[in-house]
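A.B. asks: Sequence order for the protein chains is A and B.
Just so you know, we're using the numbering used here here: the first sequence kicks off at 1062 and counts up by one.
Just so you know, we're using the numbering used here here: the second sequence kicks off at 1062 and counts up by one.
There are 2 protein chains.
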Amino acid sequence: MSAPLLATSTRIRRTPFSQRVDAAEPKSTTVYNHTPLVAVYRSLEEDYHHLKRAVQIWDVSCERQVELRGPDAARLIQMTTPRDLSAMGDDQCYYVPAVDAQGGLLNDPVAVRLAADRFWVSLADTDLLLYYKGLADALKLDVAVFEPDVSPLAIQGPKADDLAARIWGDEVRSLKFFRHMRADVGGTPMVLARSGWSKQGGFELYLDGAHNGPAIWDQLMEAGRDLDVHAGCPNLIERIEGGLLSFGGDIKIGETPYEAGLQRFMKSVSPTCLAAEALEKKSNPTKQIRPLSISGDAVPAVTEEWSLSLNGESVGEVRAAAWSPDFNTNVAIAMVGRDAWDAGTEVSVTTPSGTRTAKVEPGFWI
Amino acid sequence: MSAPLLATSTRIRRTPFSQRVDAAEPKSTTVYNHTPLVAVYRSLEEDYHHLKRAVQIWDVSCERQVELRGPDAARLIQMTTPRDLSAMGDDQCYYVPAVDAQGGLLNDPVAVRLAADRFWVSLADTDLLLYYKGLADALKLDVAVFEPDVSPLAIQGPKADDLAARIWGDEVRSLKFFRHMRADVGGTPMVLARSGWSKQGGFELYLDGAHNGPAIWDQLMEAGRDLDVHAGCPNLIERIEGGLLSFGGDIKIGETPYEAGLQRFMKSVSPTCLAAEALEKKSNPTKQIRPLSISGDAVPAVTEEWSLSLNGESVGEVRAAAWSPDFNTNVAIAMVGRDAWDAGTEVSVTTPSGTRTAKVEPGFWI
Chain A
1062 MSAPLLATST RIRRTPFSQR VDAAEPKSTT VYNHTPLVAV YRSLEEDYHH
1112 LKRAVQIWDV SCERQVELRG PDAARLIQMT TPRDLSAMGD DQCYYVPAVD
1162 AQGGLLNDPV AVRLAADRFW VSLADTDLLL YYKGLADALK LDVAVFEPDV
1212 SPLAIQGPKA DDLAARIWGD EVRSLKFFRH MRADVGGTPM VLARSGWSKQ
1262 GGFELYLDGA HNGPAIWDQL MEAGRDLDVH AGCPNLIERI EGGLLSFGGD
1312 IKIGETPYEA GLQRFMKSVS PTCLAAEALE KKSNPTKQIR PLSISGDAVP
1362 AVTEEWSLSL NGESVGEVRA AAWSPDFNTN VAIAMVGRDA WDAGTEVSVT
1412 TPSGTRTAKV EPGFWI
Chain B
1062 MSAPLLATST RIRRTPFSQR VDAAEPKSTT VYNHTPLVAV YRSLEEDYHH
1112 LKRAVQIWDV SCERQVELRG PDAARLIQMT TPRDLSAMGD DQCYYVPAVD
1162 AQGGLLNDPV AVRLAADRFW VSLADTDLLL YYKGLADALK LDVAVFEPDV
1212 SPLAIQGPKA DDLAARIWGD EVRSLKFFRH MRADVGGTPM VLARSGWSKQ
1262 GGFELYLDGA HNGPAIWDQL MEAGRDLDVH AGCPNLIERI EGGLLSFGGD
1312 IKIGETPYEA GLQRFMKSVS PTCLAAEALE KKSNPTKQIR PLSISGDAVP
1362 AVTEEWSLSL NGESVGEVRA AAWSPDFNTN VAIAMVGRDA WDAGTEVSVT
1412 TPSGTRTAKV EPGFWI
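Listed below in structure tokens is the structure:
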């Protein structure tokens, strides 16, 4: 039984970089925010080693943007996130877990503040645009809520600074994590942020205007030839090692930020957040995200959650797992109940290749 | 350059029928509402002929449900659609184009009324749940908005009545279009509606409780063996012939119901709809959905919109097209500007296999 091909249609949106991505011949692709996102180019392990050694260009246009613009923009975004945004600067990006009034997660986007009355919200895989619109329509807020023609392109890997410096100068090297600056593309100043969905360092360019896509892709590929630049994508192994959570996969809609292990962003919950009260009552979760190592040789792909048990009782589920060549074990992300979540706890996990033992780790691997 | 495989993960949800779908070995699959949806089983044309001749079982769990339950349920759904729901009965389904306060489409779901204070909304491919939540949270409405464990299974084709009657008795034959009744599955009465995304007739079973999935699939397959029942899926050719619009593909988010050609649902716009005023000003669109025939042999797959021109001026775009064996022409769905939308107008269309002539048709084919 072989996996089906990805069927395409105009419902699955092409991106400014799609032609270049096609030419790089990905092996497998998923759909994220109605947009293709490559999962594997050469092989999961080859992509992994390359990402940790060189530099990759990722078409992450699927991180669709919502623009909030107008006098009520800051109020609207703050209504949807517990994280206090009052000290956010015009050159900052914030990870802003987005919740409904009951405190259930709807998305875990990155907000880019462009001005006091203008934000881009870089989405994980749900149409958060619709929640913003619902609030704005109901309360008749003075804010425009729309999707701008902006498509992120990530430059990731230990040689990302070298590559970016060749295009935009050495100034990029001093850009701090989750800060952004302006970088010229085709004569237009665009947002370049130090961010990205890997732990290997790098940038995300918020490409403004789809027509500028192929030229900047080609320019990066040309400039990085001796750095072994290659088309890449978020890598399952590397992102589990680094504890980068996939919304909808590792965290489910309606789970709380506490369950998702995001308490470090909850230190001072903004009273403007609609969920402020509800979250206070949910700050002692009974399950929480944990890193897990799974014994034995390489596990198969997780296409459906694998249940965890302790002394015959169900205590949670594995939501992502992969063999890590660098750590010589299967690394995994699991939602684990309180009875089993302490580091060092050994549990059983039911995989398609049989029952294995697994251990709750004290932290992610990198 | 071959198409990539569909990459899976727990972010792409398994359905109650996924094991059965896998066993039927689909050739290609897309992702719809974070859920797999098969596009082709045997071949597009073989599936097409079979759908028009026999009966198919479709896993359309991707039509995710939103349940609206509580005293404000009817008010909430009416706020989001111009279609007047005041006369809707407890055994009815309504196609309810859903719009924001500016009149832009957010989804085009089917609403199933279960009681005066309880609806299921069967979604096209956007997270409309979030818009309902936004309105309900902002206005503190007395309504629960959530996704129930309900997964539609479609029975489609000219022999669908025969097959359904073997399971649920001859009563199903007299069920009228867009009406629903109760049908027993594993001892539980479930909603069975006369509906489905084909013009070949049939039903949609709203499977309540995922654990009931494999048994009813097997029961239908067993009972329909001599009717040549087969696993199936919405068929691109058949649905274009029938003018069944794909939200996100043929209609884009933010376009109006008038642009989408849905004026027949707009005869008496409910004043409760937040967009009532905005829509009044948009009732004379400058572009509208049209059926189009395209000359020449079979066109390639439309993965990106194809532009239309008339006397060198851009007049719209083709959003879906396929070769129709039964009508011996390429059938297409296009968004066409006012200058070219009259039936009989000949336009040029730029396809990956060259420029062709196309003609605006007076209506869809079936």
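Where is the CB? At the ideal position from N, CA and C, for every residue including glycine.
Is the CB-CB distance between A1159 (chain A) and L1189 (chain A) below 8 Å?
C.D. replies: Residue 1159 (chain A) sits at position 98 when you count from the first residue of the first sequence. Residue 1189 (chain A) sits at position 128 when you count from the first residue of the first sequence. Yes, the Cβ-Cβ distance between A1159 (chain A) and L1189 (chain A) is below 8 Å.
A.B. asks: K1194 (chain B) touches chain A at which residues, Cβ-Cβ below 7 Å?
C.D. replies: Looking up residue 1194 (chain B) in the second sequence gives position 133. Going along chain A in sequence order, the residues near K1194 (chain B) (Cβ under 7 Å) are D1161, Y1192, G1195.
A.B. asks: Of all the CB atoms in chain B, is at least one closer than 8 Å to the CB of L1137 (chain A)?
C.D. replies: On the first sequence, residue 1137 (chain A) is found 76 positions in, with the first residue counted as 1. No, L1137 (chain A) lies away from the interface with chain B (no Cβ there is under 8 Å from its Cβ).
A.B. asks: In terms of DSSP beta bridges, what is D1120 (chain B) paired with?
C.D. replies: Within the second sequence, the letter at position 59 stands for residue 1120 (chain B). According to DSSP, which records beta bridges pairwise, D1120 (chain B) is partnered with B:L1214.
A.B. asks: Might you give, ordered along the chain, the residues of its own chain that have their beta carbon closer than 6 Å to the beta carbon of L1306 (chain A), omitting 5 neighbours on each side?
C.D. replies: Taking the first residue of the first sequence as position 1, residue 1306 (chain A) is located at position 245. Excluding residues within five positions, the ones whose Cβ falls inside 6 Å are I1312.
A.B. asks: Spell out the partners DSSP gives I1350 (chain A) in its beta bridges.
C.D. replies: In the first sequence, counting from the first residue as 1, residue 1350 (chain A) sits at position 289. Looking at the DSSP assignment, I1350 (chain A) forms a beta bridge with A:M1396.
A.B. asks: Would you check if the distance between the CB atom of A1271 (chain A) and the CB atom of C1154 (chain A) is smaller than 8 Å?
C.D. replies: What you label residue 1271 (chain A) is simply residue 210 of the first sequence in a count that begins at 1. What you label residue 1154 (chain A) is simply residue 93 of the first sequence in a count that begins at 1. No, the pair does not count as a contact, with Cβ atoms beyond the cut-off.
A.B. asks: For K1201 (chain B) and L1175 (chain B), I'd like the C-alpha separation in whole angstroms.
C.D. replies: As a working mapping, residue 1201 (chain B) is identified with position 140 in the second sequence. As a working mapping, residue 1175 (chain B) is identified with position 114 in the second sequence. In a straight line, the C-alpha of K1201 (chain B) is about 23 Å away from that of L1175 (chain B).
A.B. asks: Residues in the same chain with beta-carbon distance under 6 Å from T1317 (chain B), minus the five sequence neighbours each way, listed in chain order, please.
C.D. replies: Residue 1317 (chain B) sits at position 256 when you count from the first residue of the second sequence. G1164, K1343, listed in sequence order.
A.B. asks: Name the one or two DSSP bridge partners that F1308 (chain B) has.
C.D. replies: Indexing the second sequence from 1 puts residue 1308 (chain B) at position 247. Paired residue(s): B:I1312.
A.B. asks: In the DSSP assignment, what are the bridge partners of M1251 (chain B)?
C.D. replies: On the second sequence, position 190 is the one that residue 1251 (chain B) refers to. M1251 (chain B) pairs with B:A1244.
A.B. asks: Should the region 1328 to 1341 of chain A be regarded as contacting the region 1349 to 1358 of chain A, the criterion being three or more beta carbon pairs within less than 8 Å?
C.D. replies: No, the region 1328 to 1341 of chain A is not in contact with the region 1349 to 1358 of chain A.
A.B. asks: Terminal residues of the continuous alpha helix (DSSP H) containing S1104 (chain B)?
C.D. replies: In the second sequence, the residue the question calls residue 1104 (chain B) occupies position 43. Premise fails: S1104 (chain B) is in no alpha helix (DSSP H) and is neither H nor E.
A.B. asks: Residues in the region 1194 to 1219 of chain A with C-beta within 7 Å of chain B's C-beta atoms, listed in sequence order?
C.D. replies: Per Cβ criterion, the list reads K1194, G1195, L1196, D1198, A1199, L1200.
A.B. asks: At a Cβ cut of 8 Å, what residues of the region 1360 to 1393 of chain B count as close to chain A, listed as they run along the chain?
C.D. replies: Listed by position along the chain: A1362, V1363, T1364, E1365, E1366, R1380, A1381.
A.B. asks: Going by DSSP, what residue range makes up the beta strand (DSSP E) through S1375 (chain A)?
C.D. replies: As a working note, residue 1375 (chain A) is residue 314 in the first sequence. First-last of the beta strand (DSSP E) with S1375 (chain A): 1374 to 1385.
A.B. asks: Classify P1346 (chain B): buried if its beta carbon has 16 or more other beta carbons within 10 angstroms, exposed otherwise.
C.D. replies: The residue labelled residue 1346 (chain B) in the question sits at position 285 within the second sequence. So P1346 (chain B) counts as buried.
A.B. asks: So who's on the other strand from Q1153 (chain B), going by DSSP bridges?
C.D. replies: Along the second sequence, read from residue 1 onward, the residue named residue 1153 (chain B) stands at position 92. Beta-bridge pairing links Q1153 (chain B) to B:R1240.
A.B. asks: Residues in the same chain with beta-carbon distance under 6 Å from K1420 (chain B), minus the five sequence neighbours each way, listed in chain order, please.
C.D. replies: Indexing the second sequence from 1 puts residue 1420 (chain B) at position 359. Counting only Cβ-Cβ distances below 6 Å, and skipping sequence neighbours, we find S1354, E1407.
A.B. asks: Taking G1270 (chain B) as part of the alpha helix (DSSP H), name the residues at either end of that continuous run.
C.D. replies: Indexing the second sequence from 1 puts residue 1270 (chain B) at position 209. From DSSP, G1270 (chain B) is part of no alpha helix (DSSP H); its letter is neither H nor E.
A.B. asks: Provide the residue span of the alpha helix (DSSP H) that contains Y1193 (chain B), from first to last.
C.D. replies: One-based indexing of the second sequence puts residue 1193 (chain B) at position 132. Residues 1189 to 1200.
A.B. asks: Among the residues of its own chain, which have a CB less than 6 Å from the CB of A1215 (chain B), if the five just before and after it don't count?
C.D. replies: Locating residue 1215 (chain B) in the second sequence gives position 154, counting from the first residue. Once the five neighbours on either side are set aside, the close Cβ partners of A1215 (chain B) are W1119, V1121, G1257, E1265.
A.B. asks: Exposed or buried, which one is T1249 (chain B) when buried takes at least 16 other CB atoms within 10 Å?
C.D. replies: As a working note, residue 1249 (chain B) is residue 188 in the second sequence. Flag for T1249 (chain B) reads exposed.
A.B. asks: Going along the region 1111 to 1131 of chain B in order, which residues come within less than 8 Å of chain A, judged by CB to CB distance?
C.D. replies: If the cut-off is 8 Å between Cβ atoms, the region 1111 to 1131 of chain B has nothing near chain A.
A.B. asks: Taking 8 Å as the CB-CB limit, is K1348 (chain B) close to chain A?
C.D. replies: As a first step, residue 1348 (chain B) must be located in the second sequence, where it is residue number 287. K1348 (chain B) does not count as touching chain A.
A.B. asks: What residue range does the beta strand (DSSP E) around E1365 (chain A) cover?
C.D. replies: For this step, residue 1365 (chain A) is matched to residue 304 along the first sequence. It is not in any beta strand (DSSP E) - E1365 (chain A) carries neither H nor E in the DSSP assignment.
A.B. asks: For I1073 (chain A), does the three-state DSSP call read helix, strand or coil?
C.D. replies: One-based indexing of the first sequence puts residue 1073 (chain A) at position 12. Note: I1073 (chain A) maps to coil in three-state DSSP.
A.B. asks: Between K1194 (chain B) and G1218 (chain A), what straight-line distance do the alpha-carbon atoms span, to the nearest angstrom?
C.D. replies: Within the second sequence, residue 1194 (chain B) is the residue found at index 133, counting from 1. Within the first sequence, residue 1218 (chain A) is the residue found at index 157, counting from 1. Taking the straight line from one Cα to the other gives about 39 Å.
A.B. asks: Give the secondary structure of H1095 (chain B) by DSSP, where H, G and I count as helix, E and B as strand, and everything else as coil.
C.D. replies: For the purposes of this step, residue 1095 (chain B) is taken as residue 34 along the second sequence, with counting starting at 1. If DSSP states are grouped into helix, strand and coil, H1095 (chain B) belongs with coil.
A.B. asks: With a threshold of 16 other CB atoms inside 10 Å of the CB of N1391 (chain A), please say whether the residue is buried or exposed.
C.D. replies: As a working note, residue 1391 (chain A) is residue 330 in the first sequence. With 16 or more other Cβ atoms within 10 Å, it is buried.
A.B. asks: Leaving out the 5 sequence neighbours to the left and right, which residues in its chain are closer than 8 Å to M1140 (chain A) when beta-carbon positions are compared?
C.D. replies: What you label residue 1140 (chain A) is simply residue 79 of the first sequence in a count that begins at 1. Around M1140 (chain A): L1196, T1333, C1334, L1335.
A.B. asks: Specify the secondary structure class of G1424 (chain B) as computed by DSSP and reduced to three states.
C.D. replies: For the purposes of this step, residue 1424 (chain B) is taken as the residue at position 363 of the second sequence. In the structure shown, G1424 (chain B) sits in coil (DSSP, three-state: anything other than H, G, I, E or B).
A.B. asks: Using beta carbons (cut-off 8 Å, strictly below), is S1183 (chain A) in contact with chain B?
C.D. replies: Translated into positions along the first sequence, residue 1183 (chain A) becomes position 122. No, because no Cβ of chain B sits closer than 8 Å to the Cβ of S1183 (chain A).
A.B. asks: Report the CB separation of E1422 (chain B) from A1404 (chain B) in whole angstroms; it is logged as a contact under 8 Å.
C.D. replies: On the second sequence, residue 1422 (chain B) is found 361 positions in, with the first residue counted as 1. On the second sequence, residue 1404 (chain B) is found 343 positions in, with the first residue counted as 1. The Cβ separation is near 6 Å, so the contact holds.
A.B. asks: Look up H1291 (chain B) in the DSSP assignment and give the residues it is bridged to.
C.D. replies: What you label residue 1291 (chain B) is simply residue 230 of the second sequence in a count that begins at 1. B:Q1117.
A.B. asks: Residues of chain B with CB closer than 7 Å to the CB of R1188 (chain A), please, in chain order.
C.D. replies: To locate residue 1188 (chain A), count along the first sequence from 1; it is residue 127. The sequence as given places Asp at residue 1188 (chain A); Arg does not occur at that position. Here the neighbours are T1187, D1188, L1191.
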